[in-house]
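Structure record follows, encoded as structure tokens.
2 protein chains.
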Amino acid sequence: MGKKNVPRPTESELEILQVLWQHGPSTVRLVNDELSKRREVGYTTTLKLLQLMHEKGIVDRDDSSRTHVYRPALREQETQGVLIDRLLEAAFGGSALKLVQQALGNRKTSREELDQIRDLLDQMDSDQPDQTPNTDPK
Amino acid sequence: MGKKNVPRPTESELEILQVLWQHGPSTVRLVNDELSKRREVGYTTTLKLLQLMHEKGIVDRDDSSRTHVYRPALREQETQGVLIDRLLEAAFGGSALKLVQQALGNRKTSREELDQIRDLLDQMDSDQPDQTPNTDPK
DNA sequence: TTTGTGATACGAAAGCATTCGTAAATACGA
DNA sequence: TCGTATTTACGAATGCTTTCGTATCACAAA
Chain A
1317 MGKKNVPRPT
1327 ESELEILQVL
1337 WQHGPSTVRL
1347 VNDELSKRRE
1357 VGYTTTLKLL
1367 QLMHEKGIVD
1377 RDDSSRTHVY
1387 RPALREQETQ
1397 GVLIDRLLEA
1407 AFGGSALKLV
1417 QQALGNRKTS
1427 REELDQIRDL
1437 LDQMDSDQPD
1447 QTPNTDPK
Chain B
1317 MGKKNVPRPT
1327 ESELEILQVL
1337 WQHGPSTVRL
1347 VNDELSKRRE
1357 VGYTTTLKLL
1367 QLMHEKGIVD
1377 RDDSSRTHVY
1387 RPALREQETQ
1397 GVLIDRLLEA
1407 AFGGSALKLV
1417 QQALGNRKTS
1427 REELDQIRDL
1437 LDQMDSDQPD
1447 QTPNTDPK
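If you're matching them up, the sequences are chains A and B in order. Each residue of the first sequence is one higher than the one before, counting from 1317 in the working numbering. Each residue of the second sequence is one higher than the one before, counting from 1317 in the working numbering.
This is the structure we're talking about:
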């Protein structure tokens, strides 16, 4: 029930997830072609990875036809949220502020991006007008 | 040349690094006591981890006396920067904007923290004049 | 039907992370 | 000095990740 079984993708698995997020439901062939643009990787390696990811519940699989089609089990943002939580806990003592400062601080970020972040901040202000004593659901 | 050999700490190693960052140079005993507050872990397990981290160059060691003293080889912020780069590349396609949006978006952040981020953004504006060829202050 | 192409399934090897048991060295107190 | 406690060193087991070779299966073209 409440406790979700959170998948914790490895680095290779994330590489594959990025392909799936970008291209939508894909065959092993397509995923492997995409990975091969970045580095050398054997077809059966990609296949095996996808099979394992399917067993773990990281991807869903349509095997109604001979050539199977894989798709992410979670949306991009959900997975990214999990990963940020992980990093937050593992390296930033849980402080999102420190993480954001670090992400922006030592990095060249365009003015356009900075403005987008400002918009986000303003939007968060209006969503949560003032310091309400936090009526938190469960 | 610029490119350094960057240590990539594992999750267990990060747990130890957090203790070292918080307490400064520490003995195996102290690190193990701290870790033991959070979970059960054998002394020699912690010892072995620190020895491996030393071999990898993640921590430095003072072994002039019998009881060795370990300390982080990099400062907290440097390591955090490396980790963010890693996550950025692995899960966010390199977009710091998306990472920050995700970190702030699905999280309750106090107005005080939001203001601190705004300050940071303003400071970045003035530090890095601009990339657009207009608004000449001369 | 036979054969070739492309797909999946399976097993196993290699490497790394994590854990701990045991032995050896060192210091300390009685 | 002797025995006990603390510490380091070493080796090994376990489990997970990543990689790939080989076998097998399905389909279609000849």
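Every residue, glycine too, gets a C-beta built ideally from N, C-alpha and C. All figures in this text were calculated on a predicted structure; none of them were measured in a lab.
Tell me the DSSP secondary structure of A:Arg1302 in three-state form. Chain A is shown from 1317 up to 1454; residue 1302 of chain A falls before or after that span and cannot be answered.
The stretch 1342-1349 of chain B / the stretch 1382-1400 of chain B touching (three or more Cβ pairs under 8 Å): Contact between the stretch 1342-1349 of chain B and the stretch 1382-1400 of chain B is present: three or more C-beta pairs spanning the two stretches fall below 8 Å.
Rounding to the nearest angstrom, what Cα-Cα distance links B:Leu1330 and A:Ser1380 in this structure? Translated into positions along the second sequence, residue 1330 of chain B becomes position 14. Translated into positions along the first sequence, residue 1380 of chain A becomes position 64. In this structure, the straight-line span from the alpha carbon of B:Leu1330 to that of A:Ser1380 is close to 44 Å.
Option in B:Leu1436, B:Gln1418 and B:Ser1328 with minimal Cα separation from A:Met1440: As a first step, residue 1440 of chain A is located in the first sequence; it is residue number 124 there, counting from the start. Ranked by Cα distance from A:Met1440, the first of B:Leu1436, B:Gln1418 and B:Ser1328 is B:Gln1418.
Can you find a C-beta in chain B that's less than 9 Å from the C-beta of A:Val1385? Taking the first residue of the first sequence as position 1, residue 1385 of chain A is located at position 69. Chain B contact via Cβ: absent.
Consult DSSP for B:Asp1379 and reduce its assignment to one of helix, strand or coil. Within the second sequence, numbered from 1, the residue matching residue 1379 of chain B stands at position 63. Secondary structure of B:Asp1379 (DSSP, three-state): coil.
Within 9 Å, strictly: CB atoms of A:Leu1399 and B:Ile1400: By 1-based counting over the first sequence, the position of residue 1399 of chain A is 83. By 1-based counting over the second sequence, the position of residue 1400 of chain B is 84. Cβ distance not < 9 Å, so A:Leu1399 and B:Ile1400 don't count as in contact.
CB B:Val1347 to CB B:Ile1332, shorter than 9 Å? Taking the first residue of the second sequence as position 1, residue 1347 of chain B is located at position 31. Taking the first residue of the second sequence as position 1, residue 1332 of chain B is located at position 16. Cβ distance < 9 Å, so B:Val1347 and B:Ile1332 count as in contact.
Classify B:Thr1362: buried if its beta carbon has 16 or more other beta carbons within 10 angstroms, exposed otherwise. Numbered from 1 along the second sequence, position 46 holds the residue referred to as residue 1362 of chain B. Classification of B:Thr1362: buried, given that the 10 Å Cβ count is 16 or more.
Based on the DSSP output, what are the partners of B:Ser1411 in its beta bridges? Position 95 of the second sequence holds residue 1411 of chain B. B:Ser1411 is not bridged to any residue.
How close, in whole Å, do the beta carbons of B:Leu1420 and A:Ala1412 come, if the pair is a contact with beta carbons under 8 Å? Residue numbering aside, residue 1420 of chain B sits at position 104 when the second sequence is read from its first letter. Residue numbering aside, residue 1412 of chain A sits at position 96 when the first sequence is read from its first letter. Their Cβ separation, rounded to whole angstroms, is 7 Å, which keeps B:Leu1420 and A:Ala1412 in contact under 8 Å.
From B:Thr1451 to A:Val1357, what distance separates their C-alpha atoms? Here residue 1451 of chain B refers to the residue found at position 135 when the second sequence is read from its first residue. Here residue 1357 of chain A refers to the residue found at position 41 when the first sequence is read from its first residue. Below a pLDDT of 50, predicted positions are generally treated as unreliable, and B:Thr1451, at 47, falls in that range; the measurement from the model is reported next regardless. Approximately 49 Å between the Cα atoms of the pair.
Please report the Cβ distance between B:Gln1396 and A:Phe1408, rounded to the nearest whole angstrom; I am assuming they are in contact, meaning their Cβ atoms lie under 8 Å. As a position in the second sequence, residue 1396 of chain B is number 80, starting the count at 1. As a position in the first sequence, residue 1408 of chain A is number 92, starting the count at 1. With 8 Å as the limit, B:Gln1396 and A:Phe1408 qualify as a contact, their Cβ atoms being about 7 Å apart.
Am I right that A:Arg1434 and B:Leu1390 are in contact with their C-beta atoms under 8 Å? What's the rounded C-beta distance? For this step, residue 1434 of chain A is matched to residue 118 along the first sequence. For this step, residue 1390 of chain B is matched to residue 74 along the second sequence. With 8 Å as the limit, A:Arg1434 and B:Leu1390 do not qualify as a contact, their Cβ atoms being about 32 Å apart.
Give the secondary structure of A:Ser1426 by DSSP, where H, G and I count as helix, E and B as strand, and everything else as coil. In the first sequence, the residue the question calls residue 1426 of chain A occupies position 110. Note: A:Ser1426 maps to coil in three-state DSSP.
Under three-state DSSP, which class holds A:Met1317? On the first sequence, residue 1317 of chain A is found 1 positions in, with the first residue counted as 1. Only weak support is given to the placement of A:Met1317: the predicted model assigns it a pLDDT of 49, under 50, and the question is left unresolved by the model.
Delimiting residues of the alpha helix (DSSP H) encompassing B:Arg1354: In the second sequence, counting from the first residue as 1, residue 1354 of chain B sits at position 38. The continuous alpha helix (DSSP H) containing B:Arg1354 extends over residues Val1344 to Arg1354.
Closer than 9 Å to chain A by CB, B:Gly1409: For the purposes of this step, residue 1409 of chain B is taken as the residue at position 93 of the second sequence. Contacts with chain A at 9 Å (Cβ-Cβ) include B:Gly1409.
Report the option in B:His1339, B:Ile1374 and B:Ser1442 whose CA atom is closest to the CA atom of A:Ser1426. Counting from one through the first sequence, the residue named residue 1426 of chain A turns up at place 110. Considering only alpha carbons, the answer is B:Ser1442.
Any beta-carbon of chain A closer than 9 Å to the one on B:Leu1333? The sequence position of residue 1333 of chain B within the second sequence is 17, counting from 1. Closer than 9 Å to some Cβ of chain A, the Cβ of B:Leu1333 qualifies, so yes.
How long is the line joining the alpha carbons of B:Pro1388 and A:Arg1377, rounded to whole angstroms? Against the second sequence, residue 1388 of chain B aligns to sequence position 72. Against the first sequence, residue 1377 of chain A aligns to sequence position 61. Those two C-alpha atoms are separated by around 44 Å.
From B:Asn1422, B:Glu1429 and B:Arg1324, residue whose alpha carbon lies closest to that of B:Lys1372: Residue mapping note: residue 1372 of chain B aligns to position 56 of the second sequence, counting from 1. For B:Lys1372, the nearest C-alpha among the options comes from B:Arg1324.
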